[in-house]
Amino acid sequence: MEDFLNAVESSQHCQRNWDLSREIDPEHIKIFEEVVKNVPSKQNIAYYKVHFITNRNIIEEIYQWTMTESSEDTDFYNPQVLANLLVAFEAHWDTSKDGRGERIIERTIKTIDYNGYTINVDRHQSIGIASGVLALIANYLGYKTGFCRCFKQDPVNNIIKSENNIDMLLGIGYPKNDKPHTVHHMLSMVNVEPIPKTEIPIIKLP
Numbered sequence: 019m020e021d022f023l024n025a026v027e028s029s030q031h032c033q034r035n036w037d038l039s040r041e042i043d044p045e046h047i048k049i050f051e052e053v054v055k056n057v058p059s060k061q062n063i064a065y066y067k068v069h070f071i072t073n074r075n076i077i078e079e080i081y082q083w084t085m086t087e088s089s090e091d092t093d094f095y096n097p098q099v100l101a102n103l104l105v106a107f108e109a110h111w112d113t114s115k116d117g118r119g120e121r122i123i124e125r126t127i128k129t130i131d132y133n134g135y136t137i138n139v140d141r142h143q144s145i146g147i148a149s150g151v152l153a154l155i156a157n158y159l160g161y162k163t164g165f166c167r168c169f170k171q172d173p174v175n176n177i178i179k180s181e182n183n184i185d186m187l188l189g190i191g192y193p194k195n196d197k198p199h200t201v202h203h204m205l206s207m208v209n210v211e212p213i214p215k216t217e218i219p220i221i222k223l224p
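Numbering-wise (the numbering used here), the sequence shown opens with residue 19 and increments by one.
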């Protein structure tokens, strides 16, 4: 139980530097693939595709489109994407058919229209669930993780050659053991001050 709770807490922290002398265990990548394929989604619909990227050229090219702020001294890019493994979640329209021969996405659109929701809400929730469970499992296996949503979508879409928008990036890998997780991978003078986790209210009904 303690190991599991430690993994939960570890997944809370954004890892910003990586030991790139090591490679992700291929058997662990297979586990990650099974995780994103089998976590819950509304009516078990495939709302997303998942890209597993270890090619350093592609990862570093994506990194160049994660700039979020600038100063007189430096531009800040999000180094969590420079991990040993970068996982990209792409929007997906499920064109398979259900048991009645109706295309799942068309059935879903009808249901969503009836209930007043949008399909993007269900997709984003599904990606949130999948990426969250993936981060937890990765941390349980001894890796560190970092989410990234601050990136320029169109260039990243082009780099990955995705058909639809990339909505979420998650870095998974080995940390640099001689640095705090807050120190930038490329800019050792940049230390991103961590934000303490806000208390989550828990309500227990009698």
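Ideal Cβ placement from N, Cα and C applies to all residues, glycine included.
Quantities reported herein were computed from a predicted structural model and do not represent experimental measurements.
Nearest CA to the CA of residue i: which residue from the options?
| i | options | result |
| --- | --- | --- |
| Arg167 | Ile221, Pro214 and Ile80 | Ile80 |
| Gln30 | Asn73, Ile155 and Met207 | Ile155 |
| Asn183 | Gly191, Val201, Lys170 and Asn209 | Lys170 |
| His110 | Ser59, Asn73 and Pro97 | Ser59 |
| His46 | Arg74, Asn75, Asn24 and Asn102 | Asn102 |
| Asp140 | Leu159, Ala153, Asp185 and Ser114 | Asp185 |
| Phe107 | Met207, Ile147 and Gln82 | Ile147 |
| Gly191 | Asp112, Ile213, Val105 and Ile76 | Val105 |
Starting from residue i, follow its DSSP beta bridges and name the residues at the other end.
| i | result |
| --- | --- |
| Asn209 | Val201 |
| Glu108 | Lys67 and Ile184 |
| Cys166 | Leu187 |
Is the CB-CB distance between residue i and residue j below 8 Å?
| i | j | result |
| --- | --- | --- |
| Ser144 | Tyr95 | no |
| Gln61 | Lys162 | no |
| His202 | Asn35 | yes |
Compute the Euclidean distance between the alpha carbons of residue i and residue j, then round it to the nearest angstrom.
| i | j | result |
| --- | --- | --- |
| Glu181 | Pro224 | 49 Å |
| Phe165 | Thr84 | 12 Å |
| Phe22 | Pro193 | 19 Å |
| Leu187 | Val68 | 10 Å |
| Thr216 | Val26 | 15 Å |
| Glu20 | Leu38 | 28 Å |
| Ser206 | Asp172 | 29 Å |
| Val208 | Val53 | 34 Å |
| Phe70 | Ile221 | 38 Å |
For residue i, count the other beta carbons within 10 Å of its own beta carbon; 16 or more makes it buried, fewer makes it exposed. Which is it?
| i | result |
| --- | --- |
| Arg40 | exposed |
| Val174 | buried |
| Asn157 | buried |
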